[in-house]
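>
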DNA sequence: GTCTATAAGAGGATAGAC
DNA sequence: GTCTATCCTCTTATAGAC
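Chains as they are written, first to last, in my numbering: chain X, -6 to 202; chain E, -6 to 202.
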């Protein structure tokens, strides 16, 4: 009995250590993806950043694509948690929620924590689409946002002239938009100000209201 | 005298052939950049697409970065011609002109002729910034658009709440926006319709007017 | 599961003949 | 200036000892 407990304890301890290590790996991948993108990020870099040998990395993740997928799952998970929190806030309507999640995406991007994947790399795309964890969460998030989009259109705050699909893809695209980063590189503005401007261009447009 | 003329004629003929070949190279680079992006485009591919040996390519262009720069110069040149044409059209005001050039960018992108370069690749960025032909045209285009932006703000059609810089970068970003391509991949809409929607999200925003 | 060492191959760039 | 053949570096991935 006692040895059983100890074995269980040791097992879960080891599992915890492993999980922590994998978390560290995914966190590194996340930062590197945000900083350099998938093509320029090398597995050597990831290993060096985590502080382990490259071969050890491959014991945890089968390929570079799997690393990227894990990073995407992580950020999707965070997004889904935010979405749940916003859903629970009764003081917000659907439009406010869409704006809030977009603001979070911009903040995350400026913080260097939004992994950006090239839409063009078909090898990566295929790997992601074959990854159940990624696809399921992406669909889940799309569904949740889709509900908000429909509700916001019904309430009249979001333009009814645009198909929900167009709105959804536009919001996803803003999460990886280069504009905030370029503006920050210009150096003239505070991050908060800059995010409000980008949010304004997104929801209110460039034309005068 | 005669031999002088003949020699001149032959020289300019050869120069024309060379220039045609370089045009063909740049056109290939342009398409490949639009289709795969800089990192995934290989020099071997370019050579195969043009139908010459890779070593011959390097007689015309010193590096892969130089190829990309040439493609960017080409598209900037086309953009500048369009800008001049729009400037000459007295029936348009500054706001209309900005919208027209944005529409052209979206059409060009959907036609697979808008080379897209990663903002993250510093090697490429350095090479571009060291290229006078590229930088001069980029500044020229930015100045022209900047004038329109100021004018459109003065006339009240373009939002005065946004710094001209923010508007300019937003327009540049729309030229490489993934949204049109993703929407087309969805397959449900005509290109024209799709472009109008993206234009609407850009100038009028997602919110109801 | 971690390491060192290395395989295997892609891709940018060049040598040298013509 | 065009070609073939090759160099060389970088990068993904794995072998095999511990």
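Think of the CB as a built atom: it goes at the ideal place given N, C-alpha and C, for glycine as much as any other residue.
My parser needs the alpha helix (DSSP H) runs of 4 or more residues fully inside the region -2 to 52 of chain E; what are they?
Those alpha helix (DSSP H) runs which fall completely within the region -2 to 52 of chain E and span 4+ residues are 36 to 43.
> Alpha carbon to alpha carbon, what distance is there between residue 88/X and residue 42/X?
For the purposes of this step, residue 42/X is identified with residue 49 of the first chain, where counting begins at 1. For the purposes of this step, residue 88/X is identified with residue 95 of the first chain, where counting begins at 1. Roughly 40 Å between the two C-alpha positions.
> Pull up the distance between the alpha-carbon of residue 99/X and that of residue 8/E, whole angstroms please.
In the first chain, the residue the question calls residue 99/X occupies position 106. In the second chain, the residue the question calls residue 8/E occupies position 15. The alpha-carbon atoms of residue 99/X and residue 8/E are separated by roughly 50 Å.
> Please list the residues of the region 135 to 150 of chain X that have a C-beta atom closer than 7 Å to any C-beta atom in chain E, keeping them in chain order.
Residues passing the 7 Å Cβ filter: 149 and 150.
> Give me the Cα-Cα distance between residue 145/E and residue 51/E, rounded to the nearest whole angstrom.
Indexing the second chain from 1 puts residue 145/E at position 152. Indexing the second chain from 1 puts residue 51/E at position 58. Each residue's alpha carbon lies about 45 Å from the other.
> Please confirm if the region 60 to 71 of chain E is in contact with the region 189 to 198 of chain X, defined as three or more CB-CB distances below 8 Å between the two stretches.
The answer is no - the region 189 to 198 of chain X does not touch the region 60 to 71 of chain E, with fewer than three Cβ pairs under 8 Å.
> Could you tell me whether the Cβ atoms of residue 37/X and residue 47/X are closer together than 8 Å?
By 1-based counting over the first chain, the position of residue 37/X is 44. By 1-based counting over the first chain, the position of residue 47/X is 54. Closer than 8 Å, so yes.
> Tell me which residues share the same chain as residue 135/X and place their Cβ nearer than 8 Å to its Cβ, disregarding the 5 neighbours each side in the sequence.
Your numbering for residue 135/X matches position 142 in the first chain. Excluding residues within five positions, the ones whose Cβ falls inside 8 Å are 161.
> So, are the CB atoms of residue 141/E and residue 96/E less than 8 Å apart?
Position 148 of the second chain, counted from the first residue, corresponds to residue 141/E. Position 103 of the second chain, counted from the first residue, corresponds to residue 96/E. No, the Cβ-Cβ distance between residue 141/E and residue 96/E is not below 8 Å.
> Taking the alpha-carbon of residue 75/X as reference, which of 180/X, 177/X and 133/X has the nearest alpha-carbon?
Position 82 of the first chain, counted from the start, is the residue given in the question as residue 75/X. Of 180/X, 177/X and 133/X, the residue nearest in Cα terms is 133/X.
> Spatial neighbours of residue 73/E within its chain, please: CB distance less than 7 Å, with the 5 preceding and 5 following residues excluded, ordered by chain position.
Your numbering for residue 73/E matches position 80 in the second chain. Correct list, in chain order: 130, 133 and 134.
> Rounded to a whole number of angstroms, what is the C-alpha to C-alpha distance between residue 152/X and residue 177/E?
Against the first chain, residue 152/X aligns to sequence position 159. Against the second chain, residue 177/E aligns to sequence position 184. Taking the straight line from one Cα to the other gives about 21 Å.
> Please name the residue or residues paired with residue 151/X in a DSSP beta bridge.
Counted from its first residue, the first chain places residue 151/X at position 158. Answer by DSSP bridge pairing, in chain order: 200/E.
> How would you write the range of the alpha helix (DSSP H) that residue 110/E sits in, first residue to last?
Taking the second chain and counting its residues from 1, one reaches residue 110/E at position 117. No alpha helix (DSSP H) contains residue 110/E, which DSSP labels as neither H nor E.
> Report the option in 93/X, 170/X, 84/X and 150/X whose CA atom is closest to the CA atom of residue 107/X.
Against the first chain, residue 107/X aligns to sequence position 114. Of the candidates 93/X, 170/X, 84/X and 150/X, the one whose C-alpha sits nearest the C-alpha of residue 107/X is 170/X.
> Taking 8 Å as the cut-off, decide whether the C-beta atoms of residue 202/E and residue 202/X are in contact.
Position 209 of the second chain holds residue 202/E. Position 209 of the first chain holds residue 202/X. Yes, the Cβ-Cβ distance between residue 202/E and residue 202/X is below 8 Å.
> The alpha helix (DSSP H) that contains residue 158/E, what's its start and end?
Within the second chain, numbered from 1, the residue matching residue 158/E stands at position 165. Unbroken alpha helix (DSSP H) run through residue 158/E: 157 to 168.
> With a CB to CB cut of under 8 Å and the five nearest residues on each side skipped, what residues in its chain are close to residue 203/X?
Residue numbering for chain X in the displayed model covers -6 to 202; residue 203/X lies beyond these limits and cannot be assessed.
> So, at 8 Å on beta carbons, what are the nonlocal neighbours of residue 123/X in its own chain, with the 5 sequence-adjacent residues on each side left out?
Sequence index remark: in the first chain, residue 123/X carries index 130 (1-based). Hits under 8 Å: none found.
> Select from 17/E, 164/E, 154/E and 188/E the residue whose C-alpha is nearest the C-alpha of residue 155/X.
Counted from its first residue, the first chain places residue 155/X at position 162. Of the candidates 17/E, 164/E, 154/E and 188/E, the one whose C-alpha sits nearest the C-alpha of residue 155/X is 188/E.
> If you measure between the beta carbons of residue 113/E and residue 30/X, is that distance less than 8 Å?
The residue labelled residue 113/E in the question sits at position 120 within the second chain. The residue labelled residue 30/X in the question sits at position 37 within the first chain. Yes. Within cutoff.
> Report the residue from 138/E, 175/E and 103/E whose alpha carbon sits nearest the alpha carbon of residue 164/E.
Position 171 of the second chain, counted from the start, is the residue given in the question as residue 164/E. Comparing Cα-Cα distances from residue 164/E to each of 138/E, 175/E and 103/E, the minimum goes to 138/E.
> Below 9 Å between beta carbons is the criterion; list the residues of the region 158 to 175 of chain X that meet it against any residue of chain E, in chain order.
Within the region 158 to 175 of chain X, the residues whose Cβ lies closer than 9 Å to some Cβ of chain E are 158, 159, 160, 162, 163, 164, 165, 166, 169, 170, 171, 172, 174 and 175, listed in chain order.
> Under 8 Å, do residue 105/E and residue 28/E count as touching if we go by C-beta distance?
Numbered from 1 along the second chain, position 112 holds the residue referred to as residue 105/E. Numbered from 1 along the second chain, position 35 holds the residue referred to as residue 28/E. Yes, the Cβ-Cβ distance between residue 105/E and residue 28/E is below 8 Å.
> Anything in chain E within Cβ reach of residue 49/X, meaning under 7 Å, just list it in chain order.
Taking the first chain and counting its residues from 1, one reaches residue 49/X at position 56. Within 7 Å Cβ-Cβ: nothing; residue 49/X doesn't reach chain E, min ~27 Å.
> Going by CA-CA distance only, name the one from 183/E, 174/E, 13/E and 18/E that's closest to residue 109/E.
For the purposes of this step, residue 109/E is taken as residue 116 along the second chain, with counting starting at 1. The option with the nearest alpha carbon to residue 109/E is 174/E.
> Is there a Cβ of chain E sitting closer than 8 Å to that of residue 190/X, yes or no?
Translated into the one-based positions of the first chain, residue 190/X becomes position 197. Residue 190/X counts as touching chain E.
> Could you tell me if the beta carbon of residue 93/E falls within a distance shorter than 7 Å of some heavy atom in the ligand ATP?
This structure lacks the ligand ATP, and indeed carries no ligand of any kind.
> Please compile the residues from chain E whose C-beta is within a distance smaller than 7 Å of the C-beta of residue 114/X.
The count along the first chain starts at 1 and reaches residue 114/X at position 121. Neighbours of residue 114/X on chain E, chain order: 33.
> With distance defined between alpha-carbon atoms, name the residue in 56/X, 70/X, 143/X and 17/X nearest to residue 213/X.
With chain X running from -6 to 202 in the structure shown, residue 213/X is simply not present.
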